[in-house]
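There are 2 protein chains.
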Amino acid sequence: MTKQELFEQIKEKQSFLCVGLDTDLNKIPKHLLDSDDPIYEFNKSIINATAKYCVAYKPNLAFYEAAGLDGWLSFEKTVAYIKQRYPEMFLIADAKRGDIGNTSEMYARSFFDNLKMDAVTVAPYMGEDSVRPFLVQKEKWVILLALTSNKGSNDFQLIEDGNGEAIFEKVLKISQQWASDEEMMYVVGATQDKLFSRVRKIAPNHFLLVPGIGAQGGSLEAVCKVGMNSSCGLLVNSSRAIIYADNSEDFATAAGKEAHKVQLEMAEMLNKYL
Amino acid sequence: MTKQELFEQIKEKQSFLCVGLDTDLNKIPKHLLDSDDPIYEFNKSIINATAKYCVAYKPNLAFYEAAGLDGWLSFEKTVAYIKQRYPEMFLIADAKRGDIGNTSEMYARSFFDNLKMDAVTVAPYMGEDSVRPFLVQKEKWVILLALTSNKGSNDFQLIEDGNGEAIFEKVLKISQQWASDEEMMYVVGATQDKLFSRVRKIAPNHFLLVPGIGAQGGSLEAVCKVGMNSSCGLLVNSSRAIIYADNSEDFATAAGKEAHKVQLEMAEMLNKYL
Numbered sequence: 004m005t006k007q008e009l010f011e012q013i014k015e016k017q018s019f020l021c022v023g024l025d026t027d028l029n030k031i032p033k034h035l036l037d038s039d040d041p042i043y044e045f046n047k048s049i050i051n052a053t054a055k056y057c058v059a060y061k062p063n064l065a066f067y068e069a070a071g072l073d074g075w076l077s078f079e080k081t082v083a084y085i086k087q088r089y090p091e092m093f094l095i096a097d098a099k100r101g102d103i104g105n106t107s108e109m110y111a112r113s114f115f116d117n118l119k120m121d122a123v124t125v126a127p128y129m130g131e132d133s134v135r136p137f138l139v140q141k142e143k144w145v146i147l148l149a150l151t152s153n154k155g156s157n158d159f160q161l162i163e164d165g166n167g168e169a170i171f172e173k174v175l176k177i178s179q180q181w182a183s184d185e186e187m188m189y190v191v192g193a194t195q196d197k198l199f200s201r202v203r204k205i206a207p208n209h210f211l212l213v214p215g216i217g218a219q220g221g222s223l224e225a226v227c228k229v230g231m232n233s234s235c236g237l238l239v240n241s242s243r244a245i246i247y248a249d250n251s252e253d254f255a256t257a258a259g260k261e262a263h264k265v266q267l268e269m270a271e272m273l274n275k276y277l
Numbered sequence: 004m005t006k007q008e009l010f011e012q013i014k015e016k017q018s019f020l021c022v023g024l025d026t027d028l029n030k031i032p033k034h035l036l037d038s039d040d041p042i043y044e045f046n047k048s049i050i051n052a053t054a055k056y057c058v059a060y061k062p063n064l065a066f067y068e069a070a071g072l073d074g075w076l077s078f079e080k081t082v083a084y085i086k087q088r089y090p091e092m093f094l095i096a097d098a099k100r101g102d103i104g105n106t107s108e109m110y111a112r113s114f115f116d117n118l119k120m121d122a123v124t125v126a127p128y129m130g131e132d133s134v135r136p137f138l139v140q141k142e143k144w145v146i147l148l149a150l151t152s153n154k155g156s157n158d159f160q161l162i163e164d165g166n167g168e169a170i171f172e173k174v175l176k177i178s179q180q181w182a183s184d185e186e187m188m189y190v191v192g193a194t195q196d197k198l199f200s201r202v203r204k205i206a207p208n209h210f211l212l213v214p215g216i217g218a219q220g221g222s223l224e225a226v227c228k229v230g231m232n233s234s235c236g237l238l239v240n241s242s243r244a245i246i247y248a249d250n251s252e253d254f255a256t257a258a259g260k261e262a263h264k265v266q267l268e269m270a271e272m273l274n275k276y277l
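What follows is the structure, encoded as structure tokens:
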């Protein structure tokens, strides 16, 4: 998907919501556990209930890999289901990969060729040759970790060099020598809203994937105020707050309601800051 | 496995070789492609031919995930095979994971509980809460990326703060507040031999997992000279140079010969520097 196509989706749906499919067997409604593939059944219901209100889905690979083979099967079936039922969705493999060239090529093949994902999250620590292999295919995206939403993000991402430039700023600058804003996005946590202006100074036109709204406590308005650009430039992710909104047999309806609530706020933000 | 048990293995086998199972369908001998599970068949032959000469195996997850479900199956079967036939082996899941707490917990569960691996490689960029979940189980190891062997390692790992301390040194220092040398190792590339002394100044007692010998051109002697400590402290990985030593029907014999050659050099190094 191109940047323009993504922006068109956002305008049409009046939403820049990405629903994180962090599906955990220990958290889904108990009545699903009797089915052959509880994770897939849960995802299907969540997807059907939320598709109207979001433009992207982001399965976090860890949750699927934790279930081994069965988990991979659930993941592949979920991706295939979205592709078939909602082909307009922007599909992000939240894999946080990053390895040397020949290995990253393998991951790129896995996510783009085999699974037909639109984007993969990639960790920057190993540098250019760990990221480039993900950039060979047109209309496929690398979403590079820049400034994450977790507490530990301070451990290394905020370390400053002699000129007071932080590592996350180095990542934003140096990676722009590898790819344009038509093929790269950055992860910038909603919990980092005080640093958003520093991000936008270096990357004014890029899309940012923003986790940390909801369960992690980031504020949508604060993020939009400093983070939105002329093509929206934001994909705001919510996982737990939506998919685990309710644990009863009506879990999907509750998830849909929650997603709708966020979509309405987003429509307001688009109207206010776009 | 404890640090002492690993050292005992090294002394007994006179080897600190880790064989990287970076198994690629496009590189294995053609005659294997007719079997039901070529990757598993290849791995079994390589393992049986090299087990005498190494103390560890390191399947790189990317190569298996690239093959999707079948790849995961080959990976799980390979791990189970090693566990059953060679229970003394130190098993490393080269996964380079790193995500927020609840997600890293999932990975820890996947690799330690389900797959019974001894160690997982972890990326440091997201900081403490992305690493801690891997540290909850006794005799299980985190192998943290510090200084990698690839060209791109210079992009961020060598950036220095105001006091001339590089990011890789920060990773070595800060991570020692999270775990001891009984539960954490570091990845330090053989191609970085000039920086090994800086690593050993900060982490004198830790085991280092050292990729980059062979195909990537690092020197074993250079690494041992500065990197070996009183409990060896080195696991030197070789992947392509051993497993792809030969592409004929005798590939396993050739791999065994290559591994034996490395083991003999290592015996010499242990004799010289331990």
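For the protein sequence lines, the chains are G and H, in the order given. Residues 4 to 277 in this note's numbering are what the first sequence lists, from first letter to last. Residues 4 to 277 in this note's numbering are what the second sequence lists, from first letter to last. Note that CB positions come from ideal geometry on N, CA and C, so glycine has one too.
Tell me, please, whether the CB atom of residue i is closer than 9 Å to any CB atom in chain H?
i: N208 of chain G; result: no
i: K99 of chain G; result: yes
i: I177 of chain G; result: yes
i: A62 of chain G; result: In the sequence as displayed, the identity of residue 62 of chain G is Pro instead of Ala. Not closer than 9 Å to any Cβ of chain H, the Cβ of P62 of chain G fails to qualify, so no.
i: E131 of chain G; result: yes
i: L76 of chain G; result: yes
i: I103 of chain G; result: yes
i: S18 of chain G; result: no
i: G3 of chain G; result: The question about residue 3 of chain G has no answer, for chain G in this structure spans 4 to 277.
i: M109 of chain G; result: yes
i: A70 of chain G; result: yes
i: E268 of chain G; result: no
i: G165 of chain G; result: yes
i: L148 of chain G; result: yes
i: Y247 of chain G; result: no
i: R88 of chain G; result: no
i: F238 of chain G; result: In the sequence as presented, Phe is not what sits at residue 238 of chain G; that position holds Leu. No, L238 of chain G does not count as interfacial toward chain H.
With a CB to CB cut of under 7 Å and the five nearest residues on each side skipped, what residues in its chain are close to residue i?
i: G217 of chain H; result: S241, R243 and A244
i: F10 of chain G; result: S234 and C235
i: S1 of chain G; result: No information on residue 1 of chain G is available, as it lies outside the stretch 4 to 277 that chain G covers here.
i: F19 of chain H; result: I13, V58, C235, L237, L238, V239 and M269
i: P136 of chain G; result: G104, S107, E108 and A111
For residue i, which residues of its own chain have a beta-carbon under 8 Å away from its beta-carbon, when the five flanking residues on both sides are left out?
i: A248 of chain G; result: F254, A257, A258, K260 and E261
i: S222 of chain H; result: A193, D196 and I216
i: K16 of chain H; result: K55, Y56, C57, V58 and Q266
i: D40 of chain G; result: D73, L76, S77 and K80
Starting from residue i, trace the beta strand (DSSP E) both ways and give me its first and last residue.
i: G97 of chain G; result: Sequence inspection shows Asp at residue 97 of chain G; the Gly mentioned does not correspond to that position. First-last of the beta strand (DSSP E) with D97 of chain G: F93 to R100.
i: L237 of chain G; result: L237 to S241
i: V265 of chain G; result: Careful: V265 of chain G lies outside any beta strand (DSSP E), inside the alpha helix (DSSP H) at F254 to Y276.
i: G23 of chain G; result: L20 to L24
For residue i, which of helix, strand or coil comes out of DSSP?
i: I146 of chain G; result: strand
i: D164 of chain G; result: strand
i: T124 of chain H; result: strand
i: P62 of chain G; result: strand
i: I216 of chain G; result: strand
i: S248 of chain H; result: This sequence places Ala at residue 248 of chain H; Ser is not what is there. Reduced to three states, the DSSP call for A248 of chain H is coil.
How far does the alpha helix (DSSP H) with residue i in it reach, from first residue to last?
i: C227 of chain H; result: L223 to G230
i: T81 of chain H; result: G71 to R88
i: D132 of chain H; result: E131 to V134
i: L9 of chain H; result: K6 to K16
i: T53 of chain H; result: P41 to T53
i: Y110 of chain G; result: G104 to A111
i: S156 of chain H; result: S156 to F159
Step through the CB atoms of chain G and report whether any lies within less than 9 Å of the CB of residue i.
i: N153 of chain H; result: yes
i: L223 of chain H; result: no
i: D27 of chain H; result: yes
i: F159 of chain H; result: yes
i: K173 of chain H; result: yes
i: T5 of chain H; result: no
i: D121 of chain H; result: no
i: V134 of chain H; result: yes
i: I170 of chain H; result: yes
To which residues of the same chain is residue i closer than 6 Å at the C-beta, ignoring the five residues directly before and after it?
i: A122 of chain H; result: I95, W144 and I146
i: L118 of chain G; result: V82
So within the region 178 to 211 of chain H, which uninterrupted beta strand (DSSP E) runs reach at least 3 residues, ignoring any that extend past its ends? 187 to 191
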